[in-house]
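Residue numbers for the sequence shown follow the numbering used here, so the first one is 172 and each next one is one higher.
Glycine included, each C-beta is placed from N, C-alpha and C at the ideal position.
Predicted, not measured: the structure shown is a model, and the values here were computed from it.
Please read the structure below before turning to the comments.
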Amino acid sequence: MKRRSFLKNTSLGMVGGVLLPSGAFAKFPDLGKESSSVVYRTLGNTGLKVSVVSYGVMDAKNPSLINRALELGINHYDTAHGYQRGNNEKMLGEVFQSWGKRKDVVIATKVALPRDSKTKTYNSGATKEAFLEKLDQSLKRLKTDYVDILYSHSVYNESMVNYEEVLEALAAAKKQGKARFVGLSTHSNEHKVIRSVIKNGHYDVVLTSYNFLKSNRKELKEAIKEADQAGIGIVVMKPMATNHDDYSGKRDKKYFESALKWVLSDPHVACAIPGMTAFNHLEQNFSVMKNMKVESRDIHQLAKERSNSWGHYCSFCQQCLPTCPQRVDIPEIMRSLMYHNGYGNPSLASETYAAIDGEQKLGACENCLTCAASCPNGNDIPKALQTARKIFA
Ligand code: SF4
Ligand code: SF4
């Protein structure tokens with residue numbers, strides 16, 4: 172049977188709609204080079220079955236990649252209102268429309284509201300109406316009436332978790348049938364944010380960064396477990412600890428496999444959404460589902476990477492913030508650099524940098540003779556800021 176007719180004639184396409192038992196395997200037949208297995212897990216109390224290797228679409232521009240992922244059985248696609256200035260959602264909308272099986276995919280998008288980067292809280296422009304207006308634009312771009320998961324994008328702390336306008340917007344989106352489930356995404360202080368989410372009780376899903384290099388990985392692992400036990404679905408971003416070398420060809424294939432396995436071996440994680448911008452990324456990540464067991468060679472590989480990462484990996488832990496007298500937003504500058512140099516996404520890098528409060532941008536460094544900022548993870552902050560200045564200032 173040809174691959175296309177096989178896919179057409181089986182129920183594989185129904186994985187988003189049909190509830191398989193937790194951890195169920197859907198086996199592809201032997202199709203030579205294209206044969207593979209997809210593993211699905213249940214996303215908390217949502218009941219959604221998501222492929223453990225799902226798709227972080229953020230940087231992808233090629234619709235053929237998404238089509239290939241759909242053919243392979245990857246059923247969960249993560250985007251955001253702001254990615255590629257809306258073009259990411261538009262690309263996905265076109266693909267899903269021509270694919271024609273909306274109910275078989277889990278679409279997740281994120282909406283961010285204006286915030287004060289100094290206080291890490293929302294500002295007066297952060298209203299329920301503004302959130303819902305952005306959601307409507309996203310739905311239009313995605314060519315759908317609803318998303319399966321609607322996230323509040325990039326939440327830093329408890330006050331943002333509990334922000335009334337966002338909670339009301341999420342509740343309204345659910346009530347209006349525009350979102351099946353709601354959640355938030357978090358890149359820093361993740362363990363604290365997750366615990367606030369558990370306390371809050373209004374979120375179904377958390378999208379968190381989590382990988383073997385995170386300096387808070389022990390606390391984070393524990394918080395993820397608590398959230399899962401409370402019925403909150405856990406989706407993981409940045410599973411490979413993307414840094415400046417990722418996908419640049421300097422690392423071997425085994426590194427990516429080991430890093431992804433490390434995340435997926437956590438039974439409290441429903442799925443990961445690695446970014447994939449080329450067919451070989453897709454193949455590589457997809458193949459991890461054949462054997463997710465972390466073996467001794469993976470442990471060895473990760474230990475080596477951990478020691479090499481000293482001074483080359485920013486986990487956005489914010490511990491450098493109090494060491495700068497001007498409170499320059501070093502973590503967000505590091506994140507902008509990561510998008511620019513690691514992901515090769517200059518427009519997202521510029522947007523991330525532009526969102527930093529004016530007083531916390533690089534201009535604040537002008538009156539400093541010597542940089543006093545320091546990083547407990549060995550990052551050379553003055554050097555990084557110098558690089559950032561060349562790109563953003
Ligand atoms: S530069 Fe260092 S201290 Fe600052 S956020 Fe990154 S890892 Fe944390
Ligand atoms: S040079 Fe360093 S210490 Fe001075 S404002 Fe900039 S980041 Fe802060």
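### Message
Can you tell me whether A544 sits near ligand 2, meaning its C-beta is under 7 Å from at least one heavy atom of the ligand?
### Response
yes
#### Entry: Same chain only: Cβ atoms within 7 Å of L431, ignoring 5 sequence neighbours per side
P410, M411, A443, P445, N456 and V459
### Task
Would you tell me roughly how many angstroms separate the C-alpha atoms of R560 and L533, rounded to the nearest one?
7 Å
### Task
Starting from L391, follow the alpha helix (DSSP H) in both directions and report where the run begins and ends.
R388 to Q400
### Task
Report whether the distance from the Cβ of V310 to the nearest heavy atom of ligand 2 is below 7 Å.
In the sequence under discussion, the amino acid at residue 310 is Leu, which differs from the Val named in the question. No, the Cβ of L310 stays beyond 7 Å of every heavy atom of ligand 2.
### Query
Is N550 near ligand 1, in the sense that its beta carbon is under 7 Å from a heavy atom of that ligand?
yes
### Query
Mind checking whether the beta-carbon of P547 lies closer than 7 Å to any heavy atom of ligand 1?
yes
### Task
Give me whichever residues DSSP pairs with C442 in a beta bridge.
V406
### Task
Please find out if some non-hydrogen atom of ligand 2 comes closer than 7 Å to the beta-carbon of P234.
no
### Task
Identify the continuous alpha helix (DSSP H) that holds F563 and give its terminal residues.
I552 to F563
### Task
Label N294 either buried or exposed according to how many other C-beta atoms from any shown protein chain fall within 10 Å of its C-beta, with 16 as the threshold for buried.
exposed
### N-terminal and C-terminal residue of the alpha helix (DSSP H) that V282 is part of
First-last for V282: V277 to V282, but that is the beta strand (DSSP E), not the alpha helix (DSSP H).
### Query
Applying the criterion that 16 or more other CB atoms from any shown protein chain within 10 Å of the CB defines a buried residue, is I470 buried or exposed?
exposed
### D399 burial status per 10 Å Cβ neighbour count (16 or more: buried)
buried
### Message
I'd like to confirm something about Q489: is its beta-carbon nearer than 7 Å to some heavy atom of ligand 2, or not?
### Response
no
### Message
Just to confirm the assignment: which complete alpha helix (DSSP H) runs, minimum length 4, are found wholly within the stretch 301-387?
### Response
329-332, 335-346 and 361-371
### Message
If you follow the beta strand (DSSP E) that S222 is in, where does it begin and where does it stop?
### Response
K220 to S222
#### Entry: Sub-8 Å separation of S222 and V209 beta-carbons
yes
### Local Cβ density within 10 Å of K272, reported as buried at 16 or more and exposed below that
exposed
### Query
Is the stretch 527-546 close to the stretch 491-500, with three or more CB pairs under 8 Å?
yes
#### Entry: Length of the line joining the Cα atoms of K314 and L303
16 Å
### Task
Confirm, please, whether the CB-CB distance from F267 to D319 is below 8 Å.
no
### Task
Answer yes or no: the CB of I501 versus the heavy atoms of ligand 2, is any distance below 7 Å?
yes
### Query
Cβ of C485 within 7 Å of any heavy atom in ligand 2?
no
### Query
Who are the near neighbours of L310 in its chain, counting only those whose CB is closer than 8 Å to its CB and skipping five residues on each side?
D316, Y317, V318 and K349
### Message
Any heavy atom of ligand 1 closer than 7 Å to the beta-carbon of M505?
### Response
yes
#### Entry: Cβ-based neighbour list, V376, same chain, cut-off 7 Å, excluding 5 preceding and 5 following
L214, G215, T217, I320, F352, G354, I403, G404 and V406
### Query
Does DSSP put H247 in a helix, in a strand, or in coil?
strand
### Query
What's the call for A525, buried or exposed, on a 16-neighbour Cβ count within 10 Å?
exposed
### Task
Express the C-alpha separation of F487 and I504 in angstroms, rounding to a whole number.
10 Å
### Same chain, Cβ closer than 8 Å to S518, neighbours up to 5 away in sequence not counted
Q255 and R256
#### Entry: Pairwise C-alpha distance: D230 and H252
13 Å
### Query
Per DSSP, what kind of secondary structure is R477 in: helix, strand or coil?
helix
### Task
Report whether the distance from the Cβ of C539 to the nearest heavy atom of ligand 2 is below 7 Å.
yes
### Query
When the Cα atoms are used, what is the spatial distance from V434 to F383?
8 Å
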